[in-house]
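Participant: I am attaching a structure below and will ask some questions about it afterwards.
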Amino acid sequence: MDIDLNHIRRFDGALLLVFRELMATGQTTAAARRLGLTQSTVSHALRRLRDLTGDPLFQRRPDGLTPTPRAHELLPIVVEMLRLSQALKGEPGEFDPAASTRHFRIAGPDIVSTVLAGPLAHRFAQHAPNARLSFGFIVGAAALEALRRGEIDMAIGHFPSVPRGFAASTLWEEEFVAIARKGHPRFPPLDLAGYLAADHVLVSFSGRFTGVVDRVLQPLGLARRVVASFPLFLSVFDAVAQSDAVAAVPYSLCERHAETFGLARLPMPIAVPGFPIVSVRRAGVPDGGYEWLEALIRRMVAEYADEIEARGEWLPRQPVPAAV
1 MDIDLNHIRR FDGALLLVFR ELMATGQTTA AARRLGLTQS TVSHALRRLR DLTGDPLFQR
61 RPDGLTPTPR AHELLPIVVE MLRLSQALKG EPGEFDPAAS TRHFRIAGPD IVSTVLAGPL
121 AHRFAQHAPN ARLSFGFIVG AAALEALRRG EIDMAIGHFP SVPRGFAAST LWEEEFVAIA
181 RKGHPRFPPL DLAGYLAADH VLVSFSGRFT GVVDRVLQPL GLARRVVASF PLFLSVFDAV
241 AQSDAVAAVP YSLCERHAET FGLARLPMPI AVPGFPIVSV RRAGVPDGGY EWLEALIRRM
301 VAEYADEIEA RGEWLPRQPV PAAV
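Sequential numbering of the sequence shown, starting at 1, is according to our numbering.
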């Protein structure tokens, strides 16, 4: 096969980087920001790429760009070319946290920031003293969209399904436990009859009065009385601490904050399915910094799980760390 050297020379590394970021973000402005270029430079690079490939590569839409089938075919090739280019230049492939000045952006519900913020900030500062870390309250499809646009680096939370273009990895498994204020006149112990007779508070971003517990109770012909709903878990902790209501909350939050609020941790009197907490990233985009941060979180989870088990405390699944 004859090699067209002139054609190859026109595919410089800058074009490949622009293509990768456009695939990841779907916007010329976001790609330009991540690459430190102007939007006009990225737009010019896209025109060159279209000329070189003979394909539109991206279709414009009101909120960004949609890759064509040909662009999806090219992505793994471009990623591999960039990887080989880095290896050829002899650049280190591993992220160096001690030297990094990167701003890591994580998004998720309050369970993520409330549970992880303290211990993660502590360890993050130890290993990456010149880098920065921020949490944003973004959940579900909105978090995936922010990830696709390049506005965040990592989405953490409960994602029942992850669409094409993203990769998910389980960080820990959650299980529900019940909380009630210490000194409660009726609990512990907490049996099903007492649980159903109590007032309940729950977390709902939309202000609803039903949740996963109600979906378990309904097929059994049972019901509970939910007297209040709040958008944040710590609001639920505070409400339970100042009343005789009970609440079902994730184990990790209970482990981190129940004692602070003067709450007793009680086993649920009925089986309620747990859920995985996962980290989500853009697929096909190598990122040593992401791998380092995810590994740091995993080590925290594993080490604290071992600590609780060694103390002989209740460990339903795998909790996240308490404050360092």
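Even for Gly, the Cβ is constructed at its ideal location relative to N, Cα and C.
Identify whether Gly90 lies in helix, strand or coil by the three-state DSSP scheme.
Facilitator: As a working note, residue 90 is residue 90 in the sequence shown. At Gly90 the pLDDT is 44, less than 50, meaning the model places this residue with poor confidence; the figure from the coordinates comes in the next sentence. In the structure shown, Gly90 sits in coil (DSSP, three-state: anything other than H, G, I, E or B).
Participant: Taking 8 Å as the threshold (C-beta atoms), are Phe209 and Ser235 in contact?
Facilitator: Mapped onto the sequence shown, residue 235 falls at position 235. Mapped onto the sequence shown, residue 209 falls at position 209. Result no, Cβ atoms of Ser235 and Phe209 do not sit closer than 8 Å.
Participant: Does the Cβ of Gln27 have 16 or more other Cβ atoms within 10 Å, making it buried, or fewer, making it exposed?
Facilitator: In the sequence shown, counting from the first residue as 1, residue 27 sits at position 27. Label assigned to Gln27: buried.
Participant: Would you say Arg282 lies against chain C (beta-carbon separation less than 8 Å)?
Facilitator: In summary, chain C is missing from the structure at hand, where a single protein chain is found.
Participant: What residues in its chain sit with their C-beta under 7 Å from that of Met81, if we drop five residues either side in the sequence?
Facilitator: Taking the sequence shown and counting its residues from 1, one reaches residue 81 at position 81. Excluding sequence neighbours, Met81 sits near Leu16.
Participant: Below 8 Å CB to CB, which residues in the same chain sit around Ser100 once its five sequence neighbours on both sides are set aside?
Facilitator: Indexing the sequence shown from 1 puts residue 100 at position 100. Excluding residues within five positions, the ones whose Cβ falls inside 8 Å are Ala128, Asn130, Ala131, Gly289.
Participant: So Thr68 packs on Gln59, CB below 8 Å; how close in whole Å?
Facilitator: Along the sequence shown, read from residue 1 onward, the residue named residue 68 stands at position 68. Along the sequence shown, read from residue 1 onward, the residue named residue 59 stands at position 59. About 6 Å; that satisfies the 8 Å criterion.
Participant: Is the stretch 152-163 in contact with the stretch 100-116, if contact means three or more CB pairs nearer than 8 Å?
Facilitator: Yes, the stretch 152-163 is in contact with the stretch 100-116.
Participant: When DSSP builds the beta bridges, which residues end up paired with Gln27?
Facilitator: Taking the sequence shown and counting its residues from 1, one reaches residue 27 at position 27. Gln27 pairs with nothing; no bridge assigned.
Participant: Which of the three DSSP states, helix, strand or coil, is assigned to Gln242?
Facilitator: The residue given as residue 242 occupies position 242 in the sequence shown. Coil.
Participant: On a Cα-Cα basis, can you pick out the residue from Thr29, Phe135, Ala283, Leu22 that is closest to Pro56?
Facilitator: As a working note, residue 56 is residue 56 in the sequence shown. Taking only the C-alpha atoms, the option nearest Pro56 is Leu22.
Participant: With C-beta atoms as the reference, is Phe205 less than 8 Å away from Val272?
Facilitator: Looking up residue 205 in the sequence shown gives position 205. Looking up residue 272 in the sequence shown gives position 272. In this structure, Val272 does not lie closer than 8 Å to Phe205 by Cβ.
Participant: In chain order, which alpha helix (DSSP H) runs of at least 4 residues are fully inside the stretch 42-110?
Facilitator: Whole alpha helix (DSSP H) segments, 4+ residues: 69-88.
Participant: DSSP state of Pro267, grouped into three classes?
Facilitator: Taking the sequence shown and counting its residues from 1, the one referred to as residue 267 is at position 267. Of the three classes helix, strand and coil, the one that applies to Pro267 here is coil, per DSSP.
Participant: What would DSSP say about Ser206, mapped onto helix, strand or coil?
Facilitator: Taking the sequence shown and counting its residues from 1, one reaches residue 206 at position 206. Coil.
Participant: From which residue to which residue does the beta strand (DSSP E) around Ala141 run?
Facilitator: Within the sequence shown, the letter at position 141 stands for residue 141. Unbroken run through Ala141 is the alpha helix (DSSP H), 140-148; no beta strand (DSSP E).
Participant: Going by other Cβ atoms of all chains shown within 10 Å of its Cβ, with 16 needed for buried, is Leu220 buried or exposed?
Facilitator: Indexing the sequence shown from 1 puts residue 220 at position 220. Leu220 is exposed by the Cβ-count criterion.
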